[in-house]
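Numbering follows UniProt numbering, in which position 50 of the sequence shown is assigned residue number 50; successive positions increment by one, without gaps. The beta carbon of each residue, even a glycine, is placed where N, CA and C say it ideally should be. Here the structure is a predicted model, which means the values were calculated and not measured. Worksheet: one structure, shown below.
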Amino acid sequence: MSKKIGLVAHDKKKQDLTVWCSQSKEKLAQFELFATGTTGKAIKDATDLSVHLLKSGPLGGDAQLGAMIVEGELDGLVFFIDPLTAMPHDVDVKALIRLATLYDVPFACNKSTADAVLTLF
């Protein structure tokens with residue numbers, strides 16, 4: 001059974017995540033990938049990776065990823081965060097980070113930690 005990884009990025013970090021996915025395409029192809037809607041579409045368009053698209057983050061995609069963590073259905077989370085821009089759905093973002101921490105799910109918030117998370121699997 002393949003590991004499941006969640007992918008999400010703030011608007012100003014979507015390009016960075018897409019580039020990272022392109023660079024990590026061979027490794028990521030070994031996993032079942034789940035992403036919030038806009039992020040997932042950008043990744044699919046840039047890489048042709050198979051990605052399960054969830055709702056957009058502000059419309060519940062972050063919550064869907066959180067539910068997957070709670071149910072033990074997500075093995076890792078890559079969430080490229082923009083620390084310089086306020087997010088209107090910041091509460092949802094913090095909840096997702098809290099759940100990843102609480103349930104001991106490997107969590108990456110930038111390229112360096114995303115590379116490290118991939119080496120775990």
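Where residue i falls, given that 16 or more other Cβ within 10 Å makes a residue buried
i	result
Ala83	Looking at the sequence itself, residue 83 is Pro, so the reference to Ala does not match. So Pro83 counts as exposed.
Phe121	exposed
Asp52	Here residue 52 turns out to be His, not Asp, going by the sequence shown. Exposed.
residue 129	No statement about residue 129 is possible, as the shown extent of the chain runs from 1 to 121 and does not include it.
Asp48	exposed
Gln30	exposed
Val19	exposed
Thr85	exposed
Residues sharing a beta bridge with residue i, DSSP
i	result
Phe121	Partner(s): none; Phe121 has no beta bridge.
Lys4	Glu32
Ala108	Val78
Ala9	Phe80
Residue i - DSSP class collapsed to helix/strand/coil
i	result
Leu54	coil
Leu84	coil
Val78	strand
Asp45	helix
Glu73	coil
Closest by C-alpha distance to residue i, when choosing among the options
i	options	result
Ser22	Ser50, Ser2, Tyr103 and Asp11	Ser50
Lys3	Asp45, Leu99 and Pro106	Pro106
Gln15	Met1, Ala42, Leu33 and Gly37	Ala42
Cys109	Glu71, Lys55, Leu77 and Lys44	Leu77
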